[in-house]
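The block underneath contains the structure these notes are about, expressed in structure tokens.
2 protein chains.
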Amino acid sequence: MFENKNIRVVDCTIRDGGLINKWKFSNAMVRKVFLALDAAGVDYMEIGYRASEKLFPPKEFGPWRFTKDEVVREIVGDTKTRMKLGVMIDIDRVDPDDLLPASESPLSFVRVATYLKDINKAVALANLVNEKGYESFINIMAISTVNTFDLEEGLRQIENETNVTAVSVVDSNGSLYPHDIENLVSVYKKELKTKKTGFHAHNNMQLAFANSIQALHAGSSFCDVTVNGIGRGAGNCPLELLIACLRDPKYKLEPVLQVMQDVFVDLQKEIEWGYIIPYMITGILNEHPRVAIAVRNTDKKDLYADFYRQLTTPECFDNK
Amino acid sequence: MFENKNIRVVDCTIRDGGLINKWKFSNAMVRKVFLALDAAGVDYMEIGYRASEKLFPPKEFGPWRFTKDEVVREIVGDTKTRMKLGVMIDIDRVDPDDLLPASESPLSFVRVATYLKDINKAVALANLVNEKGYESFINIMAISTVNTFDLEEGLRQIENETNVTAVSVVDSNGSLYPHDIENLVSVYKKELKTKKTGFHAHNNMQLAFANSIQALHAGSSFCDVTVNGIGRGAGNCPLELLIACLRDPKYKLEPVLQVMQDVFVDLQKEIEWGYIIPYMITGILNEHPRVAIAVRNTDKKDLYADFYRQLTTPECFDNK
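This is how it looks when you write it as structure tokens:
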């Protein structure tokens with residue numbers, strides 16, 4: 407189905423899913439997900455964020471906000487896996503000392519999440535990560551809010567000044583259509599002559615999977631997914647759909663269905679994600695989902711038309 | 407966004423949603439949906455099936471299995487609408503006497519649903535519908551299971567022997583990807599020189615909306631949708647997403663959000679539809695959803711991996 411025979415599946419189940427519950431997943435749960443992803447043939451598992459405990463009070467957050475090396479070792483145990491394990495780091499939320507040299511860590515890759523405006527910091531952080539021996543990536547968030555000239559300039563800077571493996575298009579607001587993805591991936595491919603392109607979708611408009619397919623058709627190599635599409639707000643591209651579509655014998659669907667049956671059916675009774683109308687509304691308006699997340703925690707959570715009117719009346723925009 | 411400026415939105419909320427609950431929607435509910443669709447600028451409302459009471463015991467089914475003219479008149483009341491109202495009929499499930507001349511009916515269009523193998527009957531029925539004065543359409547179901555040569559032959563027959571306005575691609579199994587839709591619409595457009603093309607999606611793989619966009623980009627004119635994607639199994643392309651995407655000022659999103667807020671939030675607590683894994687599984691296997699519908703009515707409804715193994719073990723195929 408895809409010309410590119412070097413597609414890499416990057417699972418963010420715990421890292422992105424943790425945005426819903428402050429990363430309070432039990433070790434037992436994460437171990438089950440790890441084993442399922444390994445059995446499914448997933449290439450990269452982003453197991454959490456790495457953040458500084460100086461900035462985030464450990465009591466408020468679960469372990470996958472920090473994803474310490476020793477916790478990762480507990481999850482892996484004595485399982486031999488060919489899956490690469492890594493973390494995401496945010497600009498200004500991590501201390502260089504939080505990362506040991508890769509040779510002393512169970513992790514092999516680090517992804518730097520950045521807004522385009524912070525590209526200088528992202529480049530410096532990606533280089534630091536590289537110097538410590540990790541495979542590095544940059545994810546440019548909120549891509550639906552940047553102009554193409556700025557984007558081209560930022561991509562050229564990454565191309566010239568870093569050794570990242572890939573740079574990902576991140577549709578943070580879930581507001582992009584397949585033809586937008588095609589256009590963005592072509593910009594990335596044009597500027598990134600020695601780096602690969604990745605894609606991270608959100609499902610606000612039920613387009614996470616379709617946009618991921620489009621990104622792969624357009625020549626992306628890395629595709630971010632999560633089990634059952636778990637993720638903040640509308641969630642992500644579901645791993646199960648991507649695996650079924652790739653039709654590559656190295657990927658197995660059954661372990662993903664098994665962990666959904668064993669873990670995610672109950673999880674979905676506790677925490678919420680998916681195609682829920684307030685997230686659709688922020689998606690079509692190209693807004694960050696935070697206002698929708700806020701309304702879902704009130705008794706007005708299902709007053710869709712009221713919410714839409716609130717976001718689209720000029721008074722509301724004035725006060726934003 | 408679309409080159410085609412003559413897109414027509416066809417709502418099937420009551421007709422297709424009724425497949426979940428045997429069309430037992432109250433008149434009050436249908437009236438609310440009718441008013442919302444009218445305010446939203448929907449072009450065609452398929453308000454139910456027309457079926458013969460000789461074949462379907464009226465006590466077992468709600469009114470939208472039969473959609474009698476007098477019930478439609480109750481729904482419309484004295485509302486002036488420019489929205490066209492119509493019904494779907496199935497081969498061998500309707501009697502010619504069930505359709506009065508269009509001049510005596512509140513309905514103006516009839517869509518004939520058919521499998522490709524029944525194309526002779528569909529052509530005859532479409533011509534009967536036309537002779538009675540209705541605008542006619544043919545929907546070819548289960549399109550993912552037919553071969554292209556047979557399809558071309560069937561389309562040529564419709565082109566030469568009927569006066570239908572359009573013929574729709576119907577992805578009954580929800581197993582098609584955007585590039586399949588592009589290919590199918592191009593076949594339809596090649597053979598249907600004097601007729602338009604339509605598309606009816608199912609959401610088993612979260613592709614209903616994306617495939618609808620693809621169909622419109624490929625030159626389809628008619629697009630089937632339902633409020634909140636309601637429909638049997640995984641459901642349909644959501645009206646709210648199509649309206650937001652079309653960006654045509656003749657369509658209004660707010661009335662759709664309002665009726666979702668007023669009616670569909672509660673409805674979804676009673677009846678089930680959407681991206682639910684057993685439907686995903688029948689989708690990726692290109693199977694009719696009936697086995698998934700059956701398992702959703704048992705206590706094994708969330709045993710996804712078991713269900714997948716059942717459908718993919720040779721023994722199971724032997725007994726099918």
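So the protein sequences, as listed, match chains W and Y.
Start counting the first sequence at 407; every next residue gets the next number (the working numbering).
Start counting the second sequence at 407; every next residue gets the next number (the working numbering).
All C-beta atoms in this analysis are idealised placements derived from N, C-alpha and C, irrespective of residue type, glycine included.
Beta-carbon proximity of residue i to residue j, cut-off 8 Å
i	j	result
Y685/Y	P695/Y	yes
Q664/W	F615/Y	no
F543/Y	V518/Y	yes
D417/Y	L645/Y	yes
N566/W	H608/W	no
V591/Y	S626/Y	yes
G447/Y	Y714/Y	no
V671/Y	D708/W	yes
T568/Y	A532/Y	yes
I453/W	C629/W	no
W679/W	I426/W	yes
E476/W	S514/W	no
R421/W	A457/W	no
P512/Y	G539/Y	no
V697/W	L673/W	no
I690/W	A650/Y	yes
Coarse secondary structure for residue i, derived from DSSP in three states
i	result
K726/W	Residue placement at K726/W is poorly supported in this model, since its pLDDT is 46, which falls under 50; the coordinates are not used for a value here.
G680/W	coil
N545/Y	strand
I453/Y	strand
G424/Y	helix
D484/W	coil
S618/W	helix
A607/W	coil
A532/Y	helix
P502/W	helix
M666/W	helix
N579/W	coil
T719/Y	coil
N553/W	coil
D712/Y	helix
G689/Y	helix
Chain Y residues whose Cβ lies nearer than 8 Å to that of residue i
i	result
Y583/W	M407, I619, C651
V576/W	None at all; the shortest Cβ gap to chain Y is about 19 Å.
E646/W	I683, M686
Amino acids of chain Y, ordered along the chain, whose beta-carbon sits closer than 9 Å to that of residue i
i	result
A434/W	The premise fails here: A434/W is roughly 19 Å from chain Y at the closest Cβ pair, so nothing lies under 9 Å.
Top-ranked residue by Cα proximity to residue i, from the options
i	options	result
L441/Y	D705/Y, D496/Y, R488/Y, L561/Y	R488/Y
N526/Y	P584/Y, V552/Y, L505/Y, L561/Y	L561/Y
Q563/Y	N553/Y, T632/Y, A528/Y	A528/Y
M729/Y	P502/Y, V633/Y, V535/Y, E693/Y	As displayed, chain Y neither begins before 407 nor continues past 726, which places residue 729/Y out of reach and without an answer.
N579/Y	S550/Y, N566/Y, K601/Y	S550/Y
L491/Y	D449/Y, A457/Y, F462/Y	D449/Y
K460/Y	M494/Y, N427/Y, P502/Y	P502/Y
N545/Y	K656/Y, P655/Y, D496/Y	D496/Y
L647/W	E541/Y, P720/Y, N610/Y, D630/Y	N610/Y
I699/Y	R715/Y, I677/Y, P720/Y, T719/Y	I677/Y
V573/W	D586/W, L506/W, N410/W, L522/W	L522/W
N617/Y	P464/Y, M407/Y, D577/Y, V662/Y	D577/Y
V470/Y	M451/Y, N433/Y, N703/Y, W429/Y	Sequence inspection shows Trp at residue 470/Y; the Val mentioned does not correspond to that position. The option with the nearest alpha carbon to W470/Y is W429/Y.
L622/Y	N589/Y, D504/Y, L505/Y	N589/Y
M666/Y	D712/W, L691/W, I690/W, I649/W	D712/W
D444/W	F462/W, P661/W, T520/W	P661/W
V415/Y	D654/Y, Y455/Y, T520/Y	D654/Y
N536/Y	T520/Y, E559/Y, G639/Y, S509/Y	S509/Y
Proximal chain W residues relative to residue i, where beta-carbon distance stays under 7 Å
i	result
V482/Y	Those do not exist, as V482/Y stays about 23 Å from chain W at its closest Cβ, beyond 7 Å.
I690/Y	A650
Bridge partners - residue i, DSSP secondary structure assignment
i	result
K490/W	Y450/W
A519/Y	D496/Y, N545/Y
R414/W	F628/W
S574/W	N545/W, G604/W
P644/W	T632/W
Under 9 Å from the C-beta of residue i: neighbouring residues of chain W
i	result
Q728/Y	Nothing in the structure corresponds to residue 728/Y, since chain Y is present only between 407 and 726.
Contact set between residue i and chain Y, taken where Cβ atoms lie within less than 7 Å
i	result
A616/W	P584, L613, A616
V671/W	D708
A711/W	E660, L663, Q664, Q667
Per-residue contacts from residue i into chain W (C-beta, under 8 Å)
i	result
E588/Y	Those do not exist, as E588/Y stays about 11 Å from chain W at its closest Cβ, beyond 8 Å.
Heavy atom of the ligand GTP within 7 Å of residue i beta-carbon
i	result
I636/W	Ligands displayed in this structure: none; no statement on the ligand GTP is therefore possible.
Below-8 Å beta-carbon distance, residue i vs any chain A residue
i	result
Y455/Y	The structure shown contains no chain A; its protein chains are W and Y.
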